[in-house]
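Engineer:
In the working numbering, the protein residues as written are 266 to 1112.
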């Protein structure tokens, strides 16, 4: 607000300032002045015919000064919560019915986040009811930056309401007001009054039993890979490789002379490097995420990279040496220039937050340190909202990438402005891969008007796909293989679970044959090569073979092991996998993999469906989950059900809306074939899954109550309708459109979604259940497991499990992984005993 001109002091100016301050104070009204009246605990307000009640809830990980709301159309905002402590804070408000929205958040550091212009923060308050518009979730990632969104935690709101305002909860109906309905609050209230239901308050999570044996320690198996990034120089004589230091949370970059067989350390860091690449054969570029360093994070720095340039020097005797210097501005390497190794394209943020791209001289330490973006002209002039660029082979910026209304927009520079050439939505059928050396063609993966994902050329001038570079009927291409000039020379795809490298030219095909012969039955990929393709760096792995990195000299036909990514498993026996083919109820052909540990008797079986469910697949690459379960003596079945990636567009889209129905029929069909063809004990089976796999396990227990001994869901969906209001996919209009396309529309398919949600079929689930969830899960909110546990508690079958503070959709902390998988081992051991009698419950301390 303009409080006056300091160049014209005087009485009138001072009066104007005072009036402005008064006006400001009036706009920041108390809740009562804005028509929003807080309801005290125990108070029973008499509502007017046009009034309702609103549950206000804020979830924050750090104290904040206050949050404000505003009625639509009003100039006044109301402070609804002040001096909010970390955790979940709630308040009940009496207010006129109408449309309301979160207005802003004020922090203890004086910064303010404005929300009033975002339609995602608005909801309707109905008269004569208790309305809940979702929790306002505040997650800062620096002093002045945060992510803020609204999420449906209706059960948590109900628990608070019943605790603080029990008479109001009993008297008024409770309604969630969001983009989609939530039938759970009414269902929950009714369910509690039904025979056989016992009202339960929030309770601790009982832990699973401690297993009697644990042949393979989760802490050993899930420790971070020994090898990180690998980069071969264009000349093929020097390899830079990042490895984790033994027994430490630290990383090192070593430079290996492939000719002399010697190495030396050029860098060390307490966090992993994000990028390693060469500019020419003697200059190495190391990129480290700045915000991984505690000092930068605490000071609110942008989450960009610190880039260090390392010059490799050989003396007269050929001995390697090096010297390095960091670029004096944080940013990212946008591109290296094959014909000009003394320069790189460097992208950094300007003072206004716009992306600026510079051509930097990195030939000497002096020129590196001399770089100053304030004194050098950016290649893209003034930033215009783009977040990245494609450059041609000589460094000209040719294609800009920006985001508009949730879409990815590709533009080209023309006459000092950006002209849009392509707009990609969230469900886009085209994925850019690279720009041709001349800058006229974009290579991309696309299934637009095709039966599978092909490698295509997109012509920038005509703004359309002009050529199919590679297509294989019924097979989705995973990635393109590019040469040093960024032209495709081959593609990668999976076939019968193994990764296939298919090259276009006879010479490269010969190399592929050589690699297959050298590593039969394994997946082999070239992860880097010299310019002349004589020296190759290979990534080799299989279902029972942890990834290893080899150096292949094609002239000598000799492959040498460089590093084992999991050397701690070298002496551990691992179980092989077998291909299973089945036909589902409707005739669809299904592929699955059965991992079978050694044993004389029929093995108990774990069905392990993958997550997704659309666009994800299982392969015969090394899988920690599978091998851990196999180490316990369990066979493991993984099914590529309809919707899985890799089998073409028709197969992928066959999974749309088939959650809890045809997808589970596919799993059942593969299970029946596995039981018929392999030595498996059909009386000792459990289903375990993560994300969609967790949902699949729960709904399978309801569909086939007598088939499994137990089920376990980690980060799993329990309520299909809740997914629309408690996931990151439902926070934008485009995201909701994608969900409706793939999952269906809760507004028109509510009955079907209720019928295929484990939450609403809890009485049909008769077997022991294990649940686990991260409290910071943005994809499948913890509310799913909160609701599922409560319902199981109410029917007298309380689940065991864990809640992990600070964890998201994937459990990442090593201690938490150890706790989770040890718990899974104990849960399976308890319920899959050969005698059919569950092991007595000797649980660890409740969590």
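For glycine and all other residues, C-beta sits at the position ideal for the given N, C-alpha and C.
(1) Please return the same chain residues whose Cβ sits closer than 8 Å to the Cβ of residue 444, not counting the five positions on each side in sequence.
(2) Taking the alpha-carbon positions, what's the residue 860 to residue 933 distance?
(3) Thinking C-beta only, is residue 353 closer than 8 Å to residue 324?
(4) Identify whether residue 831 lies in helix, strand or coil by the three-state DSSP scheme.
(5) Can you give me the C-alpha to C-alpha distance between residue 777 and residue 540, rounded to a whole angstrom?
(6) Grouping DSSP H, G and I as helix and E and B as strand, with all else coil, what is residue 1057?
(7) Just verifying my parser: in three-state terms, what is the DSSP assignment at residue 862?
(8) Could you check what DSSP says for residue 1093 in three-state terms: helix, strand or coil?
(9) Determine contact between the segment 1047-1066 and the segment 842-861, defined as no fewer than three beta-carbon pairs at a distance below 8 Å.
(10) Take the Cβ of residue 836 as the centre, count every other Cβ of all protein chains shown within 10 Å, and call the residue buried at 16 or more, exposed below.
(11) Do residue 552 and residue 598 come within 8 Å of each other at the CB atom, strictly closer than that value?
(12) Using beta-carbon positions only, say whether residue 899 and residue 940 come within less than 8 Å of one another.
(13) Go ahead and pull the three-state DSSP assignment for residue 790.
(14) If you follow the alpha helix (DSSP H) that residue 771 is in, where does it begin and where does it stop?
(15) Helix, strand or coil for residue 347 per DSSP?
(16) Restricting to runs no shorter than 4 residues, where is the alpha helix (DSSP H) found entirely within the segment 420-506?
(17) By the 10 Å Cβ neighbour count, where 16 or more other Cβ atoms means buried, how is residue 728 classified, buried or exposed?
(18) So, are the CB atoms of residue 487 and residue 974 less than 8 Å apart?
(19) Run the CB neighbour count on residue 1100, radius 10 Å, all protein chains shown included, and call it buried at 16 or more, exposed below.
(20) With burial defined as no fewer than 16 other Cβ atoms inside 10 Å of the residue's Cβ, what is the status of residue 773: buried or exposed?
(21) Around the C-beta of residue 817, are 16 or more other C-beta atoms found within 10 angstroms, so that it is buried, or is it exposed?
(22) Decide yes or no for the touch test of the segment 599-615 against the segment 652-665: beta carbon pairs closer than 8 Å, at least 3 of them.
(23) Pull up the DSSP beta-bridge partners for residue 387, would you.
(24) In terms of DSSP beta bridges, what is residue 665 paired with?
(25) Identify every residue that forms a DSSP beta bridge with residue 548.
(26) Identify every residue that forms a DSSP beta bridge with residue 587.
(27) Can you give the Cα-Cα distance for residue 798 and residue 735, rounded to whole angstroms?
(28) Tell me, which residues are paired with residue 518 by DSSP?
(29) Who are the Cβ neighbours of residue 476 in its own chain at under 6 Å, not counting the five residues just before and after it?
(30) Please list the segments of the beta strand (DSSP E) lying wholly inside the segment 708-742, counting only runs of 3 or more residues, in order along the chain.
(31) Can you find the residues in the same chain that come closer than 8 Å, C-beta to C-beta, to residue 646, ignoring five residues on each side of it along the sequence?
(32) Look at the Cβ atom of residue 690, then the Cβ atom of residue 999, and state whether they are nearer than 8 Å.
(33) Using 8 Å as the Cβ pair cut-off and three pairs as the minimum, do the segment 908-921 and the segment 838-845 touch?
(34) How would you write the range of the beta strand (DSSP E) that residue 963 sits in, first residue to last?
(35) Can you give me the start and stop residues for the beta strand (DSSP E) that residue 891 sits inside?
(36) In chain order, what residues of the same chain lie with their CB nearer than 7 Å to the CB of residue 316, ignoring the 5 residues before and after it?
Structural biologist: Quick look at the numbers:
(1) On the chain shown, position 179 is the one that residue 444 refers to. Excluding sequence neighbours, residue 444 sits near 989, 990, 995, 1001.
(2) Taking the chain shown and counting its residues from 1, one reaches residue 860 at position 595. Taking the chain shown and counting its residues from 1, one reaches residue 933 at position 668. Computed Cα separation, rounded: 17 Å.
(3) Against the chain shown, residue 324 aligns to sequence position 59. Against the chain shown, residue 353 aligns to sequence position 88. Yes, the pair counts as a contact, with Cβ atoms nearer than the cut-off.
(4) The residue you call residue 831 lines up with position 566 of the chain shown. Coil at residue 831, not helix or strand.
(5) On the chain shown, residue 777 is found 512 positions in, with the first residue counted as 1. On the chain shown, residue 540 is found 275 positions in, with the first residue counted as 1. Roughly 27 Å separates the two Cα atoms.
(6) Counting from one through the chain shown, the residue named residue 1057 turns up at place 792. Correct three-state label for residue 1057: helix.
(7) Within the chain shown, numbered from 1, the residue matching residue 862 stands at position 597. If DSSP states are grouped into helix, strand and coil, residue 862 belongs with coil.
(8) Walking along the chain shown from the start, residue 1093 turns up at place 828. Helix at residue 1093.
(9) no
(10) Residue mapping note: residue 836 aligns to position 571 of the chain shown, counting from 1. Looking at its Cβ environment, which holds fewer than 16 other Cβ atoms inside 10 Å, residue 836 is exposed.
(11) Mapped onto the chain shown, residue 598 falls at position 333. Mapped onto the chain shown, residue 552 falls at position 287. Cβ atoms of residue 598 and residue 552: closer than 8 Å.
(12) For this step, residue 899 is matched to residue 634 along the chain shown. For this step, residue 940 is matched to residue 675 along the chain shown. Cβ atoms of residue 899 and residue 940: not closer than 8 Å.
(13) Reading the chain shown from its first residue, position 525 is the one you call residue 790. In the structure shown, residue 790 sits in a strand (DSSP, three-state: E or B).
(14) Start at 1 with the first residue of the chain shown, and residue 771 comes out as number 506. Taken as a continuous stretch (DSSP letters only), the alpha helix (DSSP H) holding residue 771 covers 771-783.
(15) As a working note, residue 347 is residue 82 in the chain shown. Residue 347 falls in the strand class under three-state DSSP.
(16) 431-436, 449-456, 483-486
(17) On the chain shown, position 463 is the one that residue 728 refers to. Its Cβ having fewer than 16 others within 10 Å, residue 728 is exposed.
(18) Your numbering for residue 487 matches position 222 in the chain shown. Your numbering for residue 974 matches position 709 in the chain shown. No.
(19) Position 835 of the chain shown, counted from the start, is the residue given in the question as residue 1100. So residue 1100 ends up on the exposed side.
(20) Sequence index remark: in the chain shown, residue 773 carries index 508 (1-based). Flag for residue 773 reads buried.
(21) Your numbering for residue 817 matches position 552 in the chain shown. Under this definition residue 817 is a buried residue.
(22) yes
(23) Locating residue 387 in the chain shown gives position 122, where the first residue counts as 1. In DSSP, residue 387 forms a bridge with 366.
(24) Taking the first residue of the chain shown as position 1, residue 665 is located at position 400. According to DSSP, residue 665 bridges with 654, 676.
(25) Here residue 548 refers to the residue found at position 283 when the chain shown is read from its first residue. Partner(s): 576.
(26) As a working mapping, residue 587 is identified with position 322 in the chain shown. Looking at the DSSP assignment, residue 587 forms a beta bridge with 577.
(27) Translated into positions along the chain shown, residue 798 becomes position 533. Translated into positions along the chain shown, residue 735 becomes position 470. C-alpha separation (whole angstroms): 21 Å.
(28) The residue given as residue 518 occupies position 253 in the chain shown. 507, 532.
(29) Here residue 476 refers to the residue found at position 211 of the chain shown. Hits under 6 Å: 1090, 1091, 1094.
(30) 719-724, 729-735
(31) For the purposes of this step, residue 646 is taken as the residue at position 381 of the chain shown. Answer for residue 646: 681, listed in chain order.
(32) Here residue 690 is taken as the residue at index 425 of the chain shown, counted from 1. Here residue 999 is taken as the residue at index 734 of the chain shown, counted from 1. A contact, by the Cβ cut-off of 8 Å.
(33) no
(34) One-based indexing of the chain shown puts residue 963 at position 698. Not the beta strand (DSSP E): residue 963 falls in the alpha helix (DSSP H), residues 957-968.
(35) As a working mapping, residue 891 is identified with position 626 in the chain shown. No beta strand (DSSP E) holds residue 891; the alpha helix (DSSP H) holding it covers 889-896.
(36) Here the question's residue 316 lines up with position 51 in the chain shown. The residues are 359, 360, 361, 362, 392.
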